[in-house]
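**Student:**
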Amino acid sequence: MEEIFTMSEKNDENSIEQSLEINFKDSIIKHPEFIKVIKDEKRVKLLQDETHHKLVGYLRKGPMTIESLFEAFKRDENEKSKKSIYRYLKTLKDAGLVEQVGTRTSESESGDISVENLFGRKAKIFYFFFDESNMMKDGEQNKKEKKKMDRIGAILEILLKPKYPGLTKEKIEGILETIGCWQKDELEELSTNDKISEELVNYLEGLDWKEINYIMDTYKMFTIFPRLKELDNELSKELEAPL
350 MEEIFTMSEK
360 NDENSIEQSL
370 EINFKDSIIK
380 HPEFIKVIKD
390 EKRVKLLQDE
400 THHKLVGYLR
410 KGPMTIESLF
420 EAFKRDENEK
430 SKKSIYRYLK
440 TLKDAGLVEQ
450 VGTRTSESES
460 GDISVENLFG
470 RKAKIFYFFF
480 DESNMMKDGE
490 QNKKEKKKMD
500 RIGAILEILL
510 KPKYPGLTKE
520 KIEGILETIG
530 CWQKDELEEL
540 STNDKISEEL
550 VNYLEGLDWK
560 EINYIMDTYK
570 MFTIFPRLKE
580 LDNELSKELE
590 APL
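Structure follows, in structure tokens:
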């Protein structure tokens, strides 16, 4: 569904066209999801890169053109060429983090009309979620992750032995995969809750990805508490651990 917004904007002192008043109309045809779960390390690193992170941050307030992104970088005394900004946008678009969401039609005082593409985020919240089961499938990177998870499993086996004497590394890996599935279910349910999305918009303003990740980690922990209690009871019986 297309939404059209008409505005009149006086360019500030940092604008290229300082003295002109420009009327523009935004036609928005795509809107962001509430939450997008990022599971792969490549996209996590992309969002942690300073320039890409800053660009995605600018888009948090709404769709922007390359021209408006150029001005945003300039105001932050971190000027980038429009060609570079286009390249950053393409990288983010290819990663499924940004997309073209509409167009902006502008008319200057002199009557010149221009049409620019508007770019926006794929989601209001990007949440980094590592699924252990996906780490173990194939590829050189996944072999490294499998080795790392084996070590983590061995460490957890030692740490948990006092409570669950019969717990093995293999059993731990299965439990982690089960917990991961529970958490994914909760996040998918959250992503479809439009009422919560609307209530949270103002609170999310100004939060960086670390703060958002902390909030979502805490949310996941609370939502699976009942299941964890059931899991503890099952493990205690299955492994004949003392209560």
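Yeah, the sequence shown ends on 592 if you go by the numbering used here, and it's all consecutive.
Quick reminder that beta carbons are idealized off the backbone N, C-alpha and C, glycines included.
Using alpha carbons as the reference points, say which of ALA444, ASP581 and LEU404 lies closest to ASP425.
**Tutor:** When each option's Cα is compared against that of ASP425, the closest is LEU404.
**Student:** If you measure between the beta carbons of ALA472 and PHE383, is that distance less than 8 Å?
**Tutor:** The answer is yes: Cβ separation under 8 Å.
**Student:** Skipping 5 residues on each side, what residues in its chain have a beta carbon closer than 7 Å to that of GLU416?
**Tutor:** Excluding sequence neighbours, GLU416 sits near GLU465.
**Student:** What residue range is occupied by the uninterrupted alpha helix (DSSP H) comprising ALA421?
**Tutor:** Counting along the chain, the alpha helix (DSSP H) containing ALA421 begins and ends at 415-424.
**Student:** Would you mind reading off the limits of the beta strand (DSSP E) that contains TYR513?
**Tutor:** Where TYR513 is concerned, there is no enclosing beta strand (DSSP E), given that its DSSP letter is neither H nor E.
**Student:** How would you write the range of the alpha helix (DSSP H) that GLU428 sits in, first residue to last?
**Tutor:** No alpha helix (DSSP H) contains GLU428, which DSSP labels as neither H nor E.
**Student:** Would LEU577 be called buried (16 or more neighbouring beta carbons within 10 Å of its own) or exposed?
**Tutor:** That one is exposed.
**Student:** In terms of alpha-carbon separation, which member of LEU441, HIS402, MET413 and GLY451 lies closest to LYS379?
**Tutor:** The residue with the shortest Cα to Cα distance from LYS379 is GLY451.
**Student:** Using beta-carbon positions only, say whether ILE564 and PHE477 come within less than 8 Å of one another.
**Tutor:** No, these two residues do not count as a Cβ contact at 8 Å.
**Student:** To which residues does DSSP link TYR653 through a beta bridge?
**Tutor:** Given a span of 350 to 592 for the chain in the structure shown, any question on residue 653 remains unanswerable.
**Student:** Take the Cβ of GLY445 as the centre, count every other Cβ of all protein chains shown within 10 Å, and call the residue buried at 16 or more, exposed below.
**Tutor:** Classification for GLY445: exposed.
**Student:** Tell me the rounded alpha-carbon separation between ARG453 and ASP443.
**Tutor:** The alpha-carbon atoms of ARG453 and ASP443 are separated by roughly 22 Å.
**Student:** So the alpha helix (DSSP H) LEU404 belongs to, where does it begin and stop?
**Tutor:** Element bounds for LEU404: 399-407.
**Student:** Have a look at LYS492, ASP534 and ARG409 and flag the residue whose alpha-carbon is nearest the alpha-carbon of PRO381.
**Tutor:** Out of LYS492, ASP534 and ARG409, ARG409 has the C-alpha closest to the C-alpha of PRO381.
**Student:** Since ILE462 sits in a beta bridge, which residues does DSSP pair it with?
**Tutor:** According to DSSP, which records beta bridges pairwise, ILE462 is partnered with GLU456.
**Student:** For my contact list, THR572 and GLU535 are in at a C-beta cut-off of 8 Å; report their separation, rounded to the angstrom.
**Tutor:** Confirmed, Cβ separation roughly 4 Å.
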